[in-house]
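A.B. asks: Okay, here's the structure, questions in a sec.
Spelled out as structure tokens, the structure:
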């Protein structure tokens, strides 16, 4: 019966999160819901997940509108219908063209037109007319008497109850940049767009059993669309997994000769091992596509830096995805890929800010516009900006708004409406406000991307999917990060100037030669590195001088300990002291001596925290990985973190550690949250 439900992804319109919508429906005994956000499918996966949890059957659709004019609602019969709607919406969004008032000839989509003050004559087999509760008195119309099999119940849901209508009005005023008092009925949803119970709807439509049957028949014919988290990235580079394996091996061994020469036994054994694991896990295509992107950049004369956990891989080093030698730094391949890992590895590829768009354009053209999309982000209502938005629609003068936003604790200075405005601000906190674009995440799909999302045009012109990186990961997509920075442009300029002035060609990827250069190391030690990416800030130059940093491994450490988490915990100061006075400190515990000897017992990298939580705190490696995700700012379930904390302290007590020792180690672990680097990331910055 619920053919059109909106969430807050009907931006600045809906007031319910997908989870809240489904919970409210379940509480009323509703068995099936159709999600139809306005020209948007951002909430589809959250809605699907919530429905699975609450045992509600999810059906997917789109509310097609021009401005706020409802044209029709599309409801997918199956996944092909969802693809049809997404492709149709994308076509008009990418061309910034209005949606036509009549729906096209969809094959697997039901169309529900709102009842208009005009005659209805010809409707296709899949098209219906939706009758709102407030429109039942219109059924006397002569043109409707012969369309009884085309009439369905149309009771849109925008808010759970009448009380939430005020929040909806607030959002509409913000969207229209107008005062609340100036809103008209055409700017707003109808006040009856509440979530009626099945009994209430049955009572409203009891005189129209045919309409009830039509609606039930429509819903019953919609097949379930499953959004499992199976891998959805492009599965092969060559068209064959076996050929991918052979090509990856060829490229890796050719690169090995460039990086190491023929005599390096340890590196040779590791390369062979990595290739076997990469093939077993089906990640060859991910490596090859990353290599292909970089190959295009190099062919165009662009410099790049491969960052992130990908630098743990000798295959990536040999293929020149990264210039970090994992053998030299003792980087664990298992931190990057291990046989238990189900998701692809993570490469962050930086190009110069002047060249990145050309690389992204290549990706879209190389892998197809129907298979490629940039990730979205949703900017949310939060903080002072929300207070400003709400105060504006209440009509407060700028002076009063500035005081409220800039002096939140000076309550005695605030306008009389300040309390009301803050209350609404709390209601809106974390609501999605508008869709934006991720810094550089690109999806390359095996199936046409319209099976999962429409595409939207953003200012730069590249198509953007409707969901963010977290939803993508949950759905089984894993992004390629193509980022930009100015430092690479400076390096390119330097190489060109050397070529012009000295007549010498510098291979910037032969980093070992640069690392051994005495003059380079003396400049580092003296903190003379203005113009060098990441190490030119006053704080970093001061740290290099304090550390007397004249070698690459210490520069790697400096790249991590400068981060706020390490500095705030006091570990940066301790690390500096220990580098100069290695005989004047004691390891807090023997586990620190055994596993953190390289960093003098100081946790510097994410890997260090994983080692200590495992070897000192007795956590298994899966729980240690949850801590890693928390430290890197990625999502971690708060219940899981609480459980891990309890397990940690139970293990410490079982091992006989004092409460003070266990608390201090946990404090050091917690201080890394959101700030720490993996060692490979620090190494990538240090290389540049």
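In my numbering, the protein residues as written are 8 to 695. Glycine residues also receive a C-beta, built at the ideal position from the N, C-alpha and C atoms.
(1) Where are the alpha helix (DSSP H) runs, 4 residues long or more, that stay fully inside the stretch 462-528, in chain order?
(2) Beta-carbon within less than 6 Å of residue 110's beta-carbon, same chain only, minus the 5 sequence neighbours each way: which residues are those?
(3) Between the Cα of residue 158 and the Cα atoms of 178, 180, 134, which residue gives the shortest distance?
(4) Report the start-end ranges of each alpha helix (DSSP H) in the stretch 359-428 that is 4 residues or longer and not cut off at the edges.
(5) Whole angstroms is fine: what's the gap from residue 89's alpha carbon to residue 180's?
(6) Throw me the rounded Cβ distance for the residue 452 and residue 235 pair, which I believe falls under 8 Å.
(7) Hey, out of 325, 577, 120, 296, whose CA is closest to residue 279's CA?
(8) Assuming residue 105 and residue 99 form a contact by the criterion Cβ under 8 Å, report the distance between their Cβ atoms to the nearest whole angstrom.
(9) As a quick exercise: from 72, 31, 71, 74, pick the residue whose alpha carbon is nearest that of residue 63.
(10) Specify whether the stretch 383-402 and the stretch 418-428 touch according to this definition: at least 3 beta carbon pairs, one from each stretch, less than 8 Å apart.
(11) May I have a chain-ordered list of the alpha helix (DSSP H) segments no shorter than 4 residues that lie completely inside the stretch 281-335?
(12) Please report the residue range of the alpha helix (DSSP H) in which residue 579 lies.
(13) Using only CA atoms, which one of 307, 267, 305, 360 lies nearest to residue 322?
(14) How should residue 558 be labelled, buried or exposed, when 16 other C-beta atoms within 10 angstroms of its C-beta is the threshold for buried?
(15) Is there a Cβ from chain B that is less than 7 Å from the Cβ of residue 600?
(16) Could you tell me which of 366, 258, 455, 466 sits nearest to residue 442, measuring between CA atoms?
(17) Pull up the CB-CB distance for residue 474 and residue 437, whole angstroms please, since I reckon it's below 8 Å.
(18) Who are the near neighbours of residue 309 in its chain, counting only those whose CB is closer than 6 Å to its CB and skipping five residues on each side?
(19) Give me the DSSP bridge partner(s) of residue 164.
(20) Under 7 Å, do residue 564 and residue 318 count as touching if we go by C-beta distance?
(21) Could you spell out where the beta strand (DSSP E) holding residue 215 opens and where it closes?
(22) Going by C-alpha distance, which of 447, 139, 534 is nearest residue 353?
(23) Compare the Cα-Cα distances from residue 338 to each of 360, 315, 307, 355 and report the closest residue.
(24) Applying the criterion that 16 or more other CB atoms from any shown protein chain within 10 Å of the CB defines a buried residue, is residue 204 buried or exposed?
(25) Are the stretch 365-382 and the stretch 498-510 touching by the rule of at least three beta carbon pairs closer than 8 Å?
(26) Apply the 10 Å Cβ neighbour rule to residue 651 and answer buried if 16 or more other Cβ atoms are within range, or exposed otherwise.
(27) So what's residue 442 in DSSP terms, helix, strand or just coil?
(28) Can residue 328 and residue 301 be called in contact, C-beta distance under 7 Å?
(29) Have a look at residue 432 and residue 197 and give me their C-alpha separation to the nearest angstrom.
(30) Where residue 439 and residue 15 are concerned, what is the direct C-alpha to C-alpha distance, given to the nearest angstrom?
(31) Put residue 206 into one of helix, strand or coil per three-state DSSP.
(32) Spatial neighbours of residue 52 within its chain, please: C-beta separation below 8 Å, excluding the five flanking residues on both sides.
(33) Do you know offhand how far residue 450's Cα is from residue 402's?
(34) Would you call residue 228 buried or exposed, if buried means 16 or more other Cβ atoms sit within 10 Å of its Cβ?
(35) Would you check if the stretch 663-671 and the stretch 585-594 touch, i.e. whether three or more CB-CB distances between them fall below 8 Å?
(36) So residue 138 and residue 154 are in contact, right, with Cβ under 8 Å, and what is the actual spacing, rounded?
C.D. replies: Short version:
(1) 476-482, 494-509, 518-522
(2) 79, 118
(3) 134
(4) 363-374, 390-400, 405-413
(5) 32 Å
(6) 15 Å between Cβ atoms; not a contact.
(7) 325
(8) 7 Å
(9) 31
(10) yes
(11) 291-306, 321-325
(12) 578-587
(13) 267
(14) exposed
(15) Of the protein chains in the structure, only one exists, and it is not chain B.
(16) 466
(17) Residue 474 to residue 437, Cβ: 17 Å. No contact.
(18) 358, 362
(19) 12
(20) no
(21) That residue, residue 215, is in no beta strand (DSSP E); it is neither H nor E in DSSP.
(22) 447
(23) 315
(24) exposed
(25) no
(26) buried
(27) strand
(28) yes
(29) 24 Å
(30) 7 Å
(31) helix
(32) 234, 474, 478, 481, 482
(33) 43 Å
(34) exposed
(35) no
(36) Not a contact, Cβ separation roughly 11 Å.
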